[in-house]
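Taking this note's numbering, I'd label the letters of the sequence shown as residues 13 to 270.
Positions of the beta carbon are idealized from the N, C-alpha and C atoms, including for glycine.
What follows is a single structure, written as structure tokens, with notes after it.
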Amino acid sequence: MAYETIIVEIEDHVATIKLNRPDALNALNSQLLSELATALADADANEKVRCIILTGSAKAFAAGADIKEMSEKSFVEMYMSDFFGSESQAICSVRKPIIAAVSGYALGGGCELAMMCDFIIASDTAKFGQPEINLGVVAGIGGTQRLTRFVGKSKSMDMHLTGRFMDAEEAERAGLVSRVVPAKSLMEEAQSAAAKIAEKSMLATYAVKEAVNRAYETTLAEGLLVERRLFHSLFATEDQKEGMAAFLEKRTPQFRDR
Ligand code: CAA
């Protein structure tokens, strides 16, 4: 499919989706989010793809929802269209791992989009923020909820109430990002992480996503039960037999997603 606001490349089992509205610092408008949701669903359904990387430009992962598109909207229009609700749900329902490779600004909806991914690798130039307060609104696609779970109430309140930006070092200290790398190595690092993920059994990969995401949705006791049952159920797979046999035979496992 031909996209206008994103670029999709598939190579070596990894789909890389690049947000591509350079004139607006990749601001998220309806077209971009709709194209992104379609591209992610396609990658999820494509048997060749085993991991997805979502990235932007050197200057901006995404500088937020598109203020030009939103500025004149009424409450009725926002509410009745459930603005960005279905796109957010579509992004979060992808079962394959998504790595956000973030350089430059990840603000407002951009920060929220990065947090919808499974983990964030940041370049040392990355800047995260939830500056919606400066526009007289609040975050609208998960910022108050996800940032609080990532960094705790105090820092989340600080970010949302002051609208200040957090640099990559602070984001790593706070647990928002999993690694920080020099800007020039960002894509190499993301591709190397994606290649490692692509080697694993997809059965175990899906189980990891389900179990870790459950940690945000349920009690500890329920989450532990889900994890234990997923662990037990993987013993019904050929990949478990292969993975453990390969370890004992001191060789590389050949996973077949069975
Ligand atoms: N929406 C629409 N256009 C945007 C944009 C956005 N969120 N962010 C940047 N742009 C546009 C600018 O309007 C500008 O366009 P023109 O050249 O046509 O004027 C172009 O991108 C370049 O931006 P700047 O000239 O402002 O670049 P800068 O380097 O001086 O500043 C910046 C960079 C600090 C990121 C600044 O652009 C900025 O503050 N952007 C807005 C950030 C923001 O408030 N994000 C939250 C949006 S609301 C939201 O996201 C709600 C939600 O939770 C869903």
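- In this structure, residue 96 has its beta carbon less than 7 Å from a heavy atom of the ligand CAA.
- The beta carbon of residue 37 sits closer than 7 Å to at least one heavy atom of the ligand CAA.
- A distance below 6 Å between beta-carbons, with the five flanking residues on each side excluded, links residue 130 to the following residues of its chain, in chain order: 109 and 110.
- In terms of CA proximity to residue 267, 214 leads the group 244, 214, 236 and 161.
- When only Cα atoms are considered, residue 259 and residue 45 end up about 43 Å apart.
- Listed in chain order, the non-local C-beta contacts of residue 81 below 6 Å within the same chain comprise 41, local neighbours out to five positions each way being set aside.
- Considering only 139, 24 and 39, the residue with the shortest C-alpha distance to residue 17 is 39.
- Taken through DSSP and simplified to helix, strand or coil, residue 221 comes out as helix.
- For residue 54, the enclosing alpha helix (DSSP H) covers residues 42 to 57.
- In the DSSP assignment, residue 26 falls within the beta strand (DSSP E) that extends over 26 to 31.
- Note that the C-beta distance between residue 36 and residue 99 is not below 8 Å.
- When DSSP reads this structure, residue 85 sits in no beta bridge, so it has no partner.
- The beta-carbon separation of residue 26 and residue 65, rounded to 6 Å, stays under the 8 Å limit for a contact.
- DSSP links residue 67 through a beta bridge to 30 and 113.
- DSSP, reduced to helix, strand and coil, places residue 193 within a strand of the structure shown.
- Selection 59, 19, 124 and 202 evaluated against residue 107 yields 59 as nearest (Cα-Cα).
- The beta-carbon distance between residue 242 and residue 219, rounded to whole angstroms, is 4 Å. This is short enough to meet the 8 Å contact definition.
- Between residue 210 and residue 63, the beta carbon gap of about 5 Å places them in contact (Cβ cut-off 8 Å).
- In this structure the region 84 to 96 does not touch the region 134 to 144; the number of beta carbon pairs closer than 8 Å is below three.
- In this structure, the beta-carbon distance from residue 138 to residue 102 does not fall below 8 Å.
- Rounded to the nearest angstrom, the gap between the Cα atoms of residue 179 and residue 251 is 41 Å.
- The shortest C-alpha to C-alpha distance from residue 19 to any of 113, 67 and 61 is the one to 67.
- Distances taken from the Cβ of residue 227 to the heavy atoms of the ligand CAA include none shorter than 7 Å.
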